[in-house]
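*Asks:*
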Amino acid sequence: MTNSLRTNSVLRRFHGISLSLLFSLSASSAADCAELSLSSSSAKQGQPIEVTYKADSAEDEPTFTFAQQTYKLFPSPDNQDGQHIYKAILAPSLELDPGVYTLKNDNASVKLKVLDGKFQMRYLTLPKSKDNFNTSPGEEEAVNAAKETCSPQRFWTQDFTRPSKARTSTPFGVRRTVNGKFLKDYFHSGLDFAGGLGSPVVACAPGVVVMARTGFKLHGNCIAIDHGQGIVSFYIHLQKLHVAQGQQVKAGQLIGRIGQTGRANGPHLHFSIYCNKAASNPSNWFANAIK
1 MTNSLRTNSV
11 LRRFHGISLS
21 LLFSLSASSA
31 ADCAELSLSS
41 SSAKQGQPIE
51 VTYKADSAED
61 EPTFTFAQQT
71 YKLFPSPDNQ
81 DGQHIYKAIL
91 APSLELDPGV
101 YTLKNDNASV
111 KLKVLDGKFQ
121 MRYLTLPKSK
131 DNFNTSPGEE
141 EAVNAAKETC
151 SPQRFWTQDF
161 TRPSKARTST
171 PFGVRRTVNG
181 KFLKDYFHSG
191 LDFAGGLGSP
201 VVACAPGVVV
211 MARTGFKLHG
221 NCIAIDHGQG
231 IVSFYIHLQK
241 LHVAQGQQVK
251 AGQLIGRIGQ
261 TGRANGPHLH
271 FSIYCNKAAS
281 NPSNWFANAI
291 K
C-alpha cells in the first residue's frame, strides 16, 4: 500500500513536470517564431517610425510596450509565407531623453536609439493676459480625448497635404522663453503657418472629425481629425470652422479659416500631428510618410 501511494505520488509529480515543460517549450517555440522590427533603428524625438510584429499564429489584439507606454498593433494585409503581420506607428516623445530603449511584448523585443532633436530656442513677449496656459472648463479633457483616439483603419495611402499655403513661422519642437522666463517643460508640438486672417485651412489627410469646438481659452476654435491607428491631426486658433464632429473629410478639403482665437499673439494656424498621444514632426508626414 505504501509503495503504491509513493508510485502515484511520483507519477503525479512527473506528470506535473511534463506539463510544465510542455507549456514552457510551447511558449519558447512561439517566442522563437515571433519578431518585432522597426522601419529605422534610430529616430529623433518626434520622428515617426513603423513597428512591425510577425507571428506564426493569429493573435487577438497584440500590443507592445515602449518607454512605459503600451501600443496597440493592428493586422496588416501584408501577411506572407503563412505569417501574421501586425503594425503600429510611434514617435518618441519630445520629453523622452536620448538613449537606447527596448520595445517588447511577451514574445519578442527590439531596441530603438532615440536621438536628440536639437530644437531651437525662441524668445517671446506676450501680454499678461496671454502669458499663461489657462484652459476653459472641459477643454483639456476634450483635447486629450481627441489625442487618445485610436481607430483600427489607416485612412491615408499617400503623403499628407500641407494644411495651409502660408509660410511656416515656427518649426516643430521649439523651446520657448516667454517674458524672460524659460518654460522648462514646453516644446512646440507642431508647425505654425503664418497665414492671413480668414485664409483657408484644409485637411491634411482623409479621416473623421473627432473634435470641432469653439471658444476654448487656450486652443481657441479648433478641429481634430482621426486618420486611424492613433494618428490625429489638430488645427488650432481658427477663425471659422467648416466641419462638424463625426464628419468624414478628404485630403485637401476645406475645414476652416486661419484666425487668432485662444492663446494667440496674431493670426496663424497651429498644426499638430499626434502619433499615439505623442507629438510628431509634421514635416515627416508631408514627404515619405509611413503608409
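Residue numbers (the numbering used here): 1 to 291. Where a beta carbon is used, it is the ideal one built from N, C-alpha and C, also for glycine. In this text, all values refer to a predicted model and were calculated from it rather than measured experimentally.
#1: Is it the case that the Cβ atoms of residue 183 and residue 235 are separated by a distance below 8 Å?
#2: Does DSSP put residue 272 in a helix, in a strand, or in coil?
#3: Does the beta-carbon of residue 226 have 16 or more other beta-carbons within 10 angstroms, so that it is buried, or is it exposed?
#4: Given a threshold of 16 other Cβ atoms within 10 Å of its Cβ, counted over all protein chains shown, does residue 90 qualify as buried or as exposed?
#5: Can you check DSSP and say which residues form a bridge with residue 111?
#6: Helix or strand or just coil, what does DSSP make of residue 287?
#7: Consult DSSP for residue 57 and reduce its assignment to one of helix, strand or coil.
#8: State the Cα-Cα distance for the pair residue 133 and residue 217, rounded to the nearest angstrom.
#9: Beta-carbon within less than 7 Å of residue 253's beta-carbon, same chain only, minus the 5 sequence neighbours each way: which residues are those?
#10: Taking residue 46 as the reference, give the member of 209, 191, 206, 241 with the closest Cα.
#11: State the CB to CB distance for the pair residue 121 and residue 175, rounded to an integer number of angstroms; the pair is presumed to be in contact (CB under 8 Å).
#12: Consult DSSP for residue 264 and reduce its assignment to one of helix, strand or coil.
#13: Quick one: complete beta strand (DSSP E) runs, 3+ long, within the region 121-166?
*Replies:* Once the coordinates are examined:
#1: No; because the gap between Cβ atoms is not below 8 Å, this pair is not in contact.
#2: Reduced to three states, the DSSP call for residue 272 is strand.
#3: Looking at its Cβ environment, which holds 16 or more other Cβ atoms inside 10 Å, residue 226 is buried.
#4: Looking at its Cβ environment, which holds 16 or more other Cβ atoms inside 10 Å, residue 90 is buried.
#5: Answer is 102, bridged to residue 111.
#6: It is coil, neither helix nor strand.
#7: Assignment of residue 57 by DSSP, reduced to helix, strand and coil, places it in the coil class.
#8: Whole-angstrom Cα-Cα distance: 9 Å.
#9: Excluding residues within five positions, the ones whose Cβ falls inside 7 Å are 202, 203.
#10: Closest by C-alpha distance to residue 46, out of 209, 191, 206, 241, is 191.
#11: Confirmed, about 5 Å.
#12: In the three-state DSSP reduction, residue 264 falls in the coil class, being neither helix nor strand.
#13: As far as the region 121-166 is concerned, its whole beta strand (DSSP E) runs of at least 3 residues are 121-124.
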